[in-house]
Amino acid sequence: MSKMRGRILIPLPNTGAMGRKRNNFYMRSVFLLALCIFGLLQYHNFNYLDSRDNVLGDAVTNDSDDAILAMVPATLHKYLTPHSRNHTTSAAGGGGVLSAAALLLNTSSSGAATATTISFDVYHPPNITEIKRQIVRYNDMQMVLNEDVFGPLQNDSVIIVVQVHTRITYLRHLIVSLAQARDISKVLLVFSHDYYDDDINDLVQQIDFCKTMQIFYPYSIQTHPNEYPGVDPNDCPRNIKKEQALITNCNNAMYPDLYGHYREAKFTQTKHHWIWKANRVFNELEVTRYHTGLVLFLEEDHYVAEDFLYLLAMMQQRTKDLCPQCNVLSLGTYLKTFNYYTYHSKTNKKSYASSLISTNSLLGYNRNNNNRNSVSSSYSSSSSASDSASPKSSKVYVGDTTSDSNRRGSNLINTVTATATAATSSDTTSNNNNNNNNNNEQSSHGSGKNGAQTWNYHVLPSLYSVYQKVEVMPWVSSKHNMGFAFNRTTWSNIRKCARHFCTYDDYNWDWSLQHVSQQCLRRKLHAMIVKGPRVFHIGECGVHHKNKNCESNQVISKVQHVLRIARNSHQLFPRSLTLTVPSLMKKSKLRKGNGGWGDLRDHELCLNMTLATR
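In terms of this note's numbering, the sequence shown opens at residue 68 and continues consecutively.
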């Protein structure tokens, strides 16, 4: 026993289990530590970028009037400040309708108050007779404002034609964006109105950054409220059956549209207005008699980037070598997804601007989505268009977009060129002619087989600033009808096909124009499209769809921030253009129109408006 007490216990040999546990513990600790450091670096990098660019974070979602104004140079605030003729601000700070007289209290030296009555003129909106007289006067005068400041129109200068209805808030922001564009002083800016409004006229006549002109569509619903082309009391109701229409002998009873419906004036007016303004600019105005340059078509709810004219000129210059067959240039493409990677020039590393911008109308999708999907088509019951792009939602991503469910593949961080992948899907929409939901509103471009596009930009911004990608494809009405331009030669060919345009049973001007291209033009419309749009759609409401807040600043704010990011990451004003080959597209098949254009009176009026009167 004593021997046993004196023995020294020798530990058993180490099997390695404890060592492996220790090693695993150390490795996990190192991994977690590295992960934390990486997270802190990313957080620091994002915060640095946020403070450097001042375009992300909470400001992105700030769509207040003050935030909108803060993004606009102070000299342009005058275009965003309403000056209604019907309201004024009193001395006490309140607002109200102008009264016939105002009572002012004057205090004499003795302290007594004496009343002084000052008379004001009460604003009375012009009646229809006066409006017609003013329209004739404006159209006859053909006055070009600011010509004494900026000189006469050059034959190769750009003419911008804006189709205006009543949405003055959006028009204000379009004017602000135009004012900030490079070389805007060289253009002639023509506003084509189908509604006479003194507030809109005052806004347009306030423009001082370029030559301007106003033309007025003379056959509007406003000026013809109780007669064609407005609503004649004897017009056939939209949904009346042809047999009943013949019994009642209502107007145009013999000629309903393809789907058995009769005309609605509020929908036919847009197509009439478009063909009238195009003919007016090319064939009737004296100032454009010898003009051979481009005419760019915009609408009141568009918003332009500051380099849109610069890029348009570059595209025009490169047409001969990049696309000799192109006769249309398009600056606004209906895209679904943008991934902008901002670039830290000091460290020459990729930085992620991890702010997500989601909207239904930033890139024009509200027009297509709301008009085609949210509103049931009231005309077409079986029409299908394989070339229609009408996605169900629209998202614009600024920065890291790893949550984008539509992306294909991983982020190509080291990509040298800008690549785009188009994910097309076919959604078959069934339209019921007898479905009168949404107050019998019409789909603006029909419905049917719609292909949704998703565009993903994986761009190394330091290289992106060197060139800009463009692509070439046949002109598609649903994709290239925003911010497109053509010259007099193209227009002359279109006008020769006026009968195809004016008799095609579709109340949409753009679908009618595509019908002209497919069925009449010997040289079909072929477009050069810039992949990074320079024309954005900011309108949330239109003829076919009404949101709860039709004057929301949300989309306008998002456009401002997207363009600011593009500016700060040097994605504007490219030094050259590079043509890319688009993915294979389905050939557009011939189809029936969307209806709404069966009235022979519309055919005749349209044809008469394509005659040159100069």
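Cβ atoms here follow ideal geometry from the backbone N, Cα and C, with glycine treated the same way.
Just so you know, these numbers come straight off a predicted model, no measurement behind them.
Alpha carbon to alpha carbon, what distance is there between SER584 and MET540?
-> Between MET540 and SER584, the C-alpha separation is close to 13 Å.
What are the boundary residues of the alpha helix (DSSP H) that includes GLU310?
-> Unbroken alpha helix (DSSP H) run through GLU310: 309–315.
Can the beta-carbon of TRP558 be found closer than 8 Å to that of ALA380?
-> No.
Looking only at its own chain, which residues have a Cβ that is under 8 Å from the Cβ of GLY550, when we skip the five neighbours before and after it?
-> LEU363, PHE364, LEU365, HIS369, VAL371, PHE375, SER397, LEU398, GLY399, PRO600, ARG601, VAL602.
First and last residue of the uninterrupted beta strand (DSSP E) at TYR55 | Any question about residue 55 goes unanswered here, given that the chain covers just 68 to 681.
6 Å Cβ shell around LYS253 - same chain, five flanking residues per side excluded | Non-local beta-carbon contacts of LYS253 in its own chain, meaning distances under 6 Å to residues more than five positions away in sequence, involve SER224 in chain order.
Alpha carbon to alpha carbon, what distance is there between HIS260 and CYS393?
-> In a straight line, the C-alpha of CYS393 is about 30 Å away from that of HIS260.
Cβ neighbours of TYR263 in the same chain (closer than 7 Å, five flanking residues each side left out) | Correct list, in chain order: ILE198, GLN201, ILE202, PHE283, GLN289.
ASN301, buried or exposed, once every other Cβ within 10 Å from all chains shown has been counted against 16 | So ASN301 counts as exposed.
Relative to the C-alpha of HIS339, which residue among LEU580, ALA594, LYS598 is closest?
-> Closest option to HIS339, Cα to Cα, is LEU580.
State the start and end residues of the unbroken alpha helix (DSSP H) segment that holds PHE568.
-> According to the DSSP assignment, PHE568 belongs to the alpha helix (DSSP H) that extends over 565–570.
Per DSSP, what kind of secondary structure is MET676 in: helix, strand or coil?
-> In this structure, MET676 counts as coil in the three-state DSSP scheme.
Would ILE314 be called buried (16 or more neighbouring beta carbons within 10 Å of its own) or exposed?
-> Exposed: under 16 other Cβ atoms inside 10 Å.
From this set, THR680, ILE267, LEU256, MET382, which residue's C-alpha is nearest ARG239's C-alpha?
-> Among THR680, ILE267, LEU256, MET382, the Cα nearest to that of ARG239 belongs to ILE267.
So, helix, strand or coil for LYS598, using DSSP?
-> Here LYS598 sits in coil by DSSP.
Go through its chain and collect everything with a Cβ distance to VAL298's Cβ below 8 Å, but skip five positions before and after it.
-> Excluding positions up to five away in sequence, the list reads ILE288, PRO292, ALA332.
In this structure, does DSSP put MET208 in helix, strand or coil?
-> DSSP places MET208 in helix when its eight states are reduced to three.
If you compare alpha carbons, which of GLY218, GLN247, LEU256, VAL216 is closest to THR229?
-> Per the sequence shown, residue 229 should be read as Val rather than Thr. Measuring from the Cα of VAL229, the nearest candidate turns out to be LEU256.
What is the DSSP secondary structure of VAL583, counted as helix, strand or coil?
-> Helix at VAL583.
With a 10 Å radius around its C-beta and 16 neighbouring C-beta atoms as the bar for buried, classify GLN273 as buried or exposed.
-> With fewer than 16 other Cβ atoms within 10 Å, it is exposed.
Excluding the 5 residues preceding and the 5 following TRP576 in the sequence, name in chain order all residues of the same chain whose CB lies nearer than 6 Å to its CB.
-> Once the five neighbours on either side are set aside, the close Cβ partners of TRP576 are LYS338, TRP341.
Could you tell me whether the Cβ atoms of PHE258 and VAL231 are closer together than 8 Å?
-> Contact: yes.
Spatial neighbours of ALA633 within its chain, please: CB distance less than 8 Å, with the 5 preceding and 5 following residues excluded, ordered by chain position.
-> Closer than 8 Å at the Cβ level, and outside the excluded window around ALA633, lie ALA372, TYR407, GLY599, LEU639.
Measuring CB to CB, does LEU674 end up less than 8 Å from TYR322?
-> No, these two residues do not count as a Cβ contact at 8 Å.
Quick one: Cα of HIS411 to Cα of SER244, how far?
-> Reliability of the predicted coordinates at HIS411 is poor, the pLDDT of 31 falling under 50, and no value is obtained from them.
Pick from MET382, LEU325, HIS144, ILE307: whose alpha carbon is nearest that of LYS536?
-> Nearest option by C-alpha distance: MET382.
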